[in-house]
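Participant: So the sequence lines, in the order shown, correspond to chains Y and V. For what it's worth, my numbering labels the leading residue of the first sequence as 1, then goes sequentially. For what it's worth, my numbering labels the leading residue of the second sequence as 1, then goes sequentially. Cβ atoms here follow ideal geometry from the backbone N, Cα and C, with glycine treated the same way.
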Amino acid sequence: MHSESLYTIALMTVEQRDSPFQNRHLLGIHGLSAPEITYLLDLADQYVALSRQQNKKSDVLRGRTQINLFFESSTRTQSSFELAGKRLGADVMNMSIAASAINKGETLIDTAVTLNAMNPDLLVVRHASSGAVALLAQKVSCAVLNAGDGSHEHPTQALLDALTIRRRLGKLDGLKVAICGDFVHSRVARSNIALLNIMGSQVNLIGPKTLVPASAARLGGRVFHNMKDGLAGCDIVMMLRLQNERMSGSFIPSLREYYHLYGLNEDKLAYAKPGALIMHPGPMNRGVEIDSTIADHPDLSLIREQVEMGVAVRMAVLDALAANLSKSRQQDASLTEGGSL
Amino acid sequence: MSLILFKNARLLDPSQKLDQIGDLLVEDGIIVSAGPNIGSQADKVENIVDCEGLALIPGLIDMQVYTGEPGDEHRETLATASLAAAQGGVTTMIVMPNTRPVIDDAALVDFIRRRARDTAIIRIHPMAAITKGCDSDQLTELGLLMEAGAVAFSNGDQAVMNALTMRRAMSYAANFDALIVHHPMDQDLARAGVMHESELSMRLGLSGIPSAAETVILDRDLRLVELTGARYHVSQISCSDSVAALRSARSRGLNVTSAVSANHLMLNENDVENYRSFAKLNPPLRGETDRMALVDGLADGTIDVVVSGHNPQDADAKRQPFDQAAYGSIGIETLLTSLITLHQSEQLDLLNLLATVTQHPAEILGLNTGTLQAGRPADLALVDLGLPWVIDADRLTSKSKNAALDGRRVQGAVIASYIGGKCIFARDNIE
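#1: What residues are listed by DSSP as bridge partners for V/K401?
#2: Out of V/A107, V/Q138, V/S82, which one is the CA nearest neighbour of V/R123?
#3: When the Cα of V/L254 is compared with those of V/V225, V/N311, V/V45, which residue comes out closest?
#4: Give a yes or no on whether 8 Å exceeds the smallest Cβ distance from V/F322 to chain Y.
#5: Under a Cβ-count criterion, where at least 16 other Cβ atoms within 10 Å of its own Cβ denotes burial, should V/Q187 be classed as buried or exposed?
#6: Within a Cβ cutoff of 6 Å, which residues of the same chain sit near Y/H30, ignoring the five residues on either side of it in sequence?
#7: Can you say whether V/T289 is buried or exposed, counting buried as having 16 or more other CB atoms within 10 angstroms of its CB?
#8: So the beta strand (DSSP E) Y/R126 belongs to, where does it begin and stop?
#9: May I ask you to report which of helix, strand or coil DSSP gives V/Q87?
#10: Check this for me: beta carbons of Y/M279 and Y/D173, under 8 Å apart or not?
#11: Taking three-plus beta-carbon pairs below 8 Å as touching, is the stretch 122-140 of chain V in contact with the stretch 96-111 of chain V?
#12: Roughly how many angstroms separate the alpha carbons of V/D23 and V/E52, rounded to a whole number?
#13: Could you pull out every residue in the same chain whose Cβ sits closer than 8 Å to the Cβ of Y/L341, ignoring the five residues on either side in sequence?
#14: Where do the ends of the alpha helix (DSSP H) carrying V/A212 lie?
#15: Take Y/K228 and list the residues in its own chain whose beta-carbon comes closer than 7 Å to its own, dropping the five residues that flank it on each side.
#16: Would Y/P120 be called buried (16 or more neighbouring beta carbons within 10 Å of its own) or exposed?
#17: Residues bridged to V/Q20 by DSSP?
#18: Give me the Cα-Cα distance between V/V102 and V/G156, rounded to the nearest whole angstrom.
#19: Between which residues of its own chain and Y/Q306 is the CB-CB distance below 8 Å, once the five residues before and five after are set aside?
#20: How would you list, in chain order, the residues of chain V whose beta-carbon sits under 7 Å from the beta-carbon of Y/T293?
#21: Cβ closer than 8 Å: which chain V residues qualify as neighbours of Y/T345?
#22: Using a C-beta cutoff of 8 Å, does Y/H134 count as contacting chain V?
#23: Y/A216 versus chain V: which residues are under 8 Å apart at the beta carbon?
#24: Please list the terminal residues of the continuous beta strand (DSSP E) segment that includes V/P388.
#25: Can you name the start and end residues of the alpha helix (DSSP H) that Y/Y262 belongs to?
#26: Taking Y/A316 as the reference, give the member of Y/S58, Y/C180, Y/R190 with the closest Cα.
#27: Taking the C-alpha atoms as reference points, what is the distance between V/L139 and V/T165?
#28: Helix, strand or coil for V/H233? Go by DSSP, reduced to three states.
#29: Would V/L206 count as contacting chain Y if we go by Cβ distances under 8 Å?
#30: Determine the DSSP secondary structure at Y/E153, reduced to helix, strand or coil.
#31: Grab me the residues of V/S261's own chain with a C-beta within less than 6 Å of its C-beta, minus the 5 sequence neighbours each way, in chain order.
#32: Given this structure, state the Cα-to-Cα distance separating Y/N265 from Y/K209, to the nearest angstrom.
#33: On the DSSP letters alone, give me the boundaries of the alpha helix (DSSP H) that Y/Q46 sits inside.
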């Protein structure tokens, strides 16, 4: 998987690459194939190496314009995309559009059309509504990268989680992964379930029935409402963030009870496979879904590594989409020439 | 005295169980007779329409139509809705009170009737609100509203959540034998929901509306009907459990009727795949087993009426992320076509299907149309039952183009529509 020949993909020109990933956009994990995912992870592996050098700069995106369009506030994802674009040499612009600004009357489609007129090459979009990024992608001529849409998908998060796991365990198939917490509202969980199923791992979904309904199993996981049963034999324990707005009120009675039943601490971790690794997409609620001693565990916690992999994965995806964009634009150009003959 | 003879027609009239080739004679806008060999008896006929074997049916009565008048005329006016209706063979439409302002006052009922008379080309009857503003617990003046011309009482697409308010509305309406039309949807269970709660909603990451949101209120209402003896009609049902609940209520002898929308008979939840907001309806499109149950309910007579649920929304309100997009679809123009298509695809009896848009709504609302019987107004539709076509939303007449059925292959087209014997719409050269 980490062969010498693959190690140089990032250095190849677009024409030299034999990429199975030919998509124009990355809107979700759903619909990708195992070879496509493997290709993106291989590419990301090399960007990990690049990012660890003193000179972290590449020029594959030189001259490209990348717009980070965030309709929902985000610190880590936005800065990760910004850093990824800059390391590849793109001109990166950040646009944060608070929900209140949308209410001034401009529709999502108006925004898309306006931005498209500025000729960006890569549009990184986050939106609070499921499906909004796909809607926007229909209206622009650049590549669109979903940085999280509502409760639907967050594909780069799933890819970075997969890269983190693969680098530690050497594989993505035959693993048993527990995803624990607020599944209903989690785009991270949906993308991860899709990816792990495609790559041949088993997923256990753990949480109270209000947050993990039985029908969640239809997406490709086994549902457990008891953490002890759900964690049994798991190689990886992936905790989900409990969103502030769900904490008080109707989905769970109290944080105290949630921590008691589903918060990951050393006692509960003991149900999993010995040496099971811990992941969290961040930002964490320490003492709610995860105990500090677990989150900061020097050997078992992969949480900081996830952040590092995030930049590399986003570099890989930006690179791959820009390459596909070049190809499609060359094809368009040759078609136009052919037509004039 | 003016006489019109429609000859060589396939006369279809559910109210008389009539399905035969024959003629129909109209005098001064009133049907004189319908049957074989009438043409030979009528002398002095100035105007003869040769139907060339096409179907001649009573003009449709659409029991649930939303317009934007008053308040949102950019979406649809009574006039533009009536033009679309005429294209679809609908000659009477019942408009819902959810306008701005809400039709909850006798003067507003009067306003709708006058605007309809002055601007629209078909018959229009308003429903008035059950409670002030459609969202309060204060009853409207049902008696005065009825005298002003309200044919029934409904809060449109809003449910009366307070059971006590509903009980009192039903009791009070029973004074006048007034009809209560209700949209059963528990606002709390449906909160934040935008589509049918299912595996698909889970996959799409959209909040679901469980079928129970409908049946909880329907079951409550059926108990209240038992308690009050009111006349009660469900404006739209969407799931199999509701069909079962109504079937059981009928068997207990309750005075309840119900409707389903043509969209819910033609489409299911999979039509919202890829976040297709044009198929975002209220109630939501449900699973295929629900759709099949609705078809069965229609076939066995549990469901009495089919409505269009015509709800025009401008493109900006629809071309939004799914959870922010407006609810509703137009459909008045494709109501009859949908039924003819269902007659073909689901092997449903044509006369029974036609009854759901003619005879049944007329009986429920106490209208004198929806029939070819002698002495009734000659509201008619001339229909080519076999003509196949593809619905193209942009070519529909309605002012708004939000058709959930856009792109569907259908069968059957209206060739001409008549109100009181007067042609209000004609395709090609027929008049």
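Facilitator: Quick answer:
#1: Its beta-bridge partners do not exist; DSSP assigns none.
#2: V/S82
#3: V/V225
#4: yes
#5: By the 10 Å Cβ count, V/Q187 comes out exposed.
#6: A194
#7: exposed
#8: Per DSSP, Y/R126 belongs to the beta strand (DSSP E) from 122-127.
#9: helix
#10: no
#11: yes
#12: About 11 Å.
#13: In this prediction, Y/L341 scores a pLDDT of 41, lower than 50, which makes its location untrustworthy; no coordinate-derived value is stated.
#14: 212-228
#15: Y271
#16: buried
#17: V/L11
#18: 10 Å
#19: Cβ within range, chain order: L160, D161, T164, M279, H280, P281, G282.
#20: The contacting residues do not exist; Y/T293 stays about 33 Å from chain V at best.
#21: The question about residue 345 of chain Y has no answer, for chain Y in this structure spans 1 to 341.
#22: Per the sequence shown, the amino acid found at residue 134 of chain Y is Ala instead of His. Chain V, which has a Cβ nearer than 8 Å to the Cβ of Y/A134, makes this yes.
#23: M202
#24: 380-390
#25: Here the alpha helix (DSSP H) through Y/Y262 covers 255-262.
#26: Y/S58
#27: A direct Cα-to-Cα measurement between V/L139 and V/T165 gives close to 8 Å.
#28: strand
#29: Chain Y contact via Cβ: present.
#30: strand
#31: Q236, V307, G309
#32: 21 Å
#33: Where Y/Q46 is concerned, the enclosing alpha helix (DSSP H) stretches over 34-52.
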